[in-house]
Every structure is written in structure tokens, then in C-alpha cells.
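The block underneath contains the structure these notes are about, expressed in C-alpha cells.
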């Protein structure tokens, strides 16, 4: 090798080492950045030696898609579990002490005690007080359910705004990748940004990616609706001003196509948006219908009947009444009934009407003699709470059963869904962790590996330096001969 060739070789080695060191240093500085993919300086050899020709970015499409899937499913399941936990809080948390089932059971025990001692006015007042707690509990639970729906609606609005912003930022990053690819510019930073945005988008809505020519990318939702094709597709939603049992929520539209809500405790939703829709439009309304059916059951069970020899008057609300002022048909849901149920005002001034009847007039009086020992009506109320009755199927927990069993089944329905959602959340969180770890191992920065590479580069640098020193010594010797 000539001296000039040796010098060129040493210079090329130093240049390559400098570039590789810069790449490794950047890798090390981003070791804790989850949105950074490892870079490698790629060398190519020719007749003139080796040169750095490009900086390659580590990527694994299969593992990245798996992590996006895990992110979407885990986000949806966690959102659903949070919603069910808030619904559980409505019933008083772990012990369900505020649930209609618990309040009704307490009232039933008091009524049974009152029936055993119908002459004690203090027991009558206690029974009315317990009934007041039952009615207040139903009203409060109904209001809380609508608050859950309203909060979900607000979250939907916020997430739609965030999704539109993320899609706008995705366009900037994607345009940068596409333009840089056409000109041969390094687009690794834009690729990092694009992948980071994909992770954030998948938390809100499940997304699948399609790579196109020139490093361009299109996005679609899990059900195939276009989310991004060259430009972001519009995601639209109009938030509701308030909710009641009879007011449905507005739909979310992606490119004009309505986004479906998730289904089941182990939800089919991908992304938090579908899970919020499921809470607002499925789970919370189902709980509301259960409350309404419990309210209807109370009004019917404690209703008064015409005591005439030939009854001609309709059944009328007794202990419990509501804004409609009548006894609804059996097995027919009355939307929002739980929100207005209350103890009949006549009983607040005369608790003994509960024992005697006649809240709605003399024709409805059972204890016509006013005997203090009369308990037949109270006994019928106690037995009536455990007697079979028909419920609306839309409440989701069976159509036949007693009032007490239906109220208990409402708690069971909520706990079963929450328990299943919790188990699924753990499973999906574990899947996300494994997928993310696998992707990070394949594309992330390992400090041990980078430090090992730095040591190798140090040796390469020393070798190039020694070569230059040797050439310098030889040049000095040649110059000395010439002189």
C-alpha cells in the first residue's frame, strides 16, 4: 500500500468512526425514550475502502402492529372497567350498602317487625323512614347513573377533539416522511414521530396501517373505516347538554360512518372511544332500566286496591308514588320512573295509613274498624315483596322473580360485569406489556450493546491513529533522506 493510500484509508476509518460514534451517542442519549428507535450507521465497501452510506432505523412491523393492537384493546378494557367501578360506587362500593337491594331488605325487616306489632306507632314511623330511604336511594342512584353517562359523553367529546388533533399532526409527520423519502433525506426523526402518533391514536380508536409507495401510510379503524388517506378524515361528534333515562346520546362519525360501541364485559371495543360509547349507551342505560323496574315493582307491590264488595276503582299508588301518579302495567318499563319515586305524602302525616290503607280514600281502606292489632295488609306487603312478578326484559336480568330477588340480581349483574371486566383488563394489560417489551427489545436501545460498540470503535480509532503515526514517521524519514 502506498503512503497516500494509507493516509486515505486512515482518514476514511476516522470519518466512519466519527459518524458511527455520533449515531451511538445519540442512541445512548435516547435510551429511556420509548418513542425512539435504535439507529445503525451502515457501511458499504468499495475499491476505495469502507464508507458510511446511510443511517438505518430499527423497525419490526409485525411487533409494532401487535403493540398497537394491545394498546387499543387494553385502553378500551381499562376505560370500561373504570366506568363499571364508578357504577359500583353508586351502590356504595364493595359492601353495596347503598344499593336498592340493601335498602329494600332493611325496609322489609322493619315491615315484618311492624306487622308483628301493628299497634306500635314508632314502628310505623320507622317503616316510613326506611321507605323514604329506599325512594331517596333510587332517586340518587338514577341521578348518579345519568352523571356517569354525562361524564362519558364529555370524555367522548374530548377524545374526538384529541383524535382530530393527532390526525392533523400525523399528516405533518407523514408528509415529512414521504417528501424526505423522495429526495433521499434522512427521515428517521419523522418516522419516530409518526409511530409515536400511531400509539396515541390507537389509545383512542383501534387502528390498522397500510404502507404505500414512497413510505406513505394510510390508516383505517378496526372495522375498516378510513381514518387517514393522504389527508385526515373528519371525526365528528356533538356533545349532549344533559341526560335523562329517555335521552339517547349522539353518535360519533368517522368519515360519515357511525362508530359502534363495544359489547360485553370483556369488551369488543378497541380504543377508549368505543368503550365510552358502551358505558354511555349500553351499561349505564341498562342499570337505569333496572332502577326503573325496581321503582315500578315498589309502586305495584305497595299499591292500594278497591276494597268494595264489587271493586270498580283502579289500583292506586300506596306507600310509594311517582310523578305519573298511577300504577304502571305489569312487566312494562317506565323510563325514568326511579328518578321521581317518593313516599306518598299522606303517610308522612299519618304513618298508620300504611297499616290500615285508605291513602287514596275510604274505598281503599282495609282496616275498616281501625283495630290497632290489624296486620293483614302489612303481612300482604311483606309477602308481596317475595312474590313472583313480571319485569321488562330490557332490564337485562330476567323477566320473572320477586322484587327482592330482582333488586339483588341487579347487584349481581353489576358485580359480574365488573369482575369479568377486571379479569379481562389484567389479561389485556399483560398482552400489551409483552408486545411492547418484544417490540422494545427488537427496536429499542440496549445500553450494554451500545457501550460494547463504543469500545469496538475505540479500538478502530486507535488503529487508524497508529496508522497515521506510522505514515508520519515514514514521511519524516523520507524527508530526512531528501535533505
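In this note's numbering, the protein residues as written are 244 to 726.
The beta-carbon is built from N, C-alpha and C at its ideal position, and this holds for glycine as well.
Every value quoted in this text rests on a predicted model; they were computed, and no experiment measured them.
Over the uninterrupted beta strand (DSSP E) stretch that includes residue i, give me the two end residues.
i: residue 463; result: 459-464
i: residue 471; result: 469-472
Within the same chain, show all residues whose beta-carbon is closer than 6 Å to that of residue i, passing over the 5 residues directly before and after it, in chain order.
i: residue 301; result: 280, 281, 686
i: residue 559; result: 547, 603
i: residue 541; result: 563
i: residue 667; result: 320, 509
i: residue 549; result: 556, 606
i: residue 388; result: 527, 530, 531
i: residue 385; result: 534, 581, 582
Taking 8 Å as the limit between beta carbons, can you name the residues of its chain near residue i, skipping five residues before and five after?
i: residue 594; result: 364, 367, 368, 370, 371
i: residue 475; result: 407, 410, 411, 413, 414
i: residue 622; result: 358
i: residue 489; result: 578, 579
i: residue 273; result: 279, 688
i: residue 682; result: 303, 306, 307, 309, 310
i: residue 598; result: 357, 361, 367, 610, 617, 618, 620, 621
On the DSSP bridge list, what partners appear for residue i?
i: residue 283; result: 299
i: residue 563; result: 586
i: residue 547; result: 559
i: residue 455; result: 459
i: residue 608; result: 600
i: residue 475; result: 471
i: residue 644; result: 632
i: residue 450; result: 464
How would you write the range of the alpha helix (DSSP H) that residue i sits in, first residue to last?
i: residue 598; result: 596-599
i: residue 440; result: 431-447
i: residue 627; result: 619-627
Return the CA-CA distance between residue i and residue j, expressed in angstroms with no decimal places.
i: residue 584; j: residue 569; result: 11 Å
i: residue 446; j: residue 514; result: 5 Å
i: residue 390; j: residue 486; result: 8 Å
i: residue 575; j: residue 394; result: 29 Å
i: residue 496; j: residue 480; result: 7 Å
i: residue 673; j: residue 327; result: 20 Å
i: residue 320; j: residue 664; result: 7 Å
i: residue 633; j: residue 645; result: 8 Å
i: residue 323; j: residue 506; result: 10 Å
i: residue 354; j: residue 555; result: 29 Å
i: residue 662; j: residue 537; result: 23 Å
i: residue 713; j: residue 724; result: 17 Å
i: residue 492; j: residue 511; result: 20 Å
i: residue 438; j: residue 399; result: 24 Å
i: residue 718; j: residue 264; result: 30 Å
i: residue 461; j: residue 444; result: 13 Å
i: residue 275; j: residue 305; result: 22 Å
i: residue 522; j: residue 660; result: 12 Å
i: residue 690; j: residue 677; result: 20 Å
i: residue 721; j: residue 262; result: 33 Å
i: residue 572; j: residue 532; result: 15 Å
i: residue 440; j: residue 478; result: 16 Å
i: residue 671; j: residue 317; result: 5 Å
i: residue 626; j: residue 377; result: 18 Å
i: residue 639; j: residue 600; result: 34 Å
i: residue 402; j: residue 349; result: 43 Å
i: residue 483; j: residue 396; result: 7 Å
Would residue i count as contacting chain D if we go by Cβ distances under 8 Å?
i: residue 437; result: Reference to chain D is not applicable here, since this structure consists of a single protein chain.
Please return the same chain residues whose Cβ sits closer than 7 Å to the Cβ of residue i, not counting the five positions on each side in sequence.
i: residue 636; result: 642
i: residue 375; result: 586
i: residue 561; result: 545, 546, 547, 587, 602
i: residue 270; result: 281, 282, 688, 693
i: residue 351; result: 625, 628, 647
Looking at residue i and the ligand ATP, is the gap between the Cβ and the nearest heavy atom below 7 Å?
i: residue 519; result: By its list of ligands, the structure shown contains no ligand whatsoever, and the ligand ATP lies outside what it can speak to.
Pick out the complete alpha helix (DSSP H) segments inside the region 332-406, 4 residues or longer, and give them in chain order. Inside the region 332-406, DSSP marks whole alpha helix (DSSP H) runs of 4 or more residues at positions 343-359, from first to last along the chain.
Just list the alpha helix (DSSP H) runs in the region 649-680, keeping only unbroken ones of 4 residues or longer that don't cross its boundaries, in chain order. Fully enclosed alpha helix (DSSP H) runs of 4 or longer: not present.
With a floor of 4 residues, list each alpha helix (DSSP H) that falls wholly inside the region 478-535, ordered by position along the chain. Given a length threshold of 4 residues, each whole run of the alpha helix (DSSP H) inside the region 478-535 is given here in chain order: 515-521.
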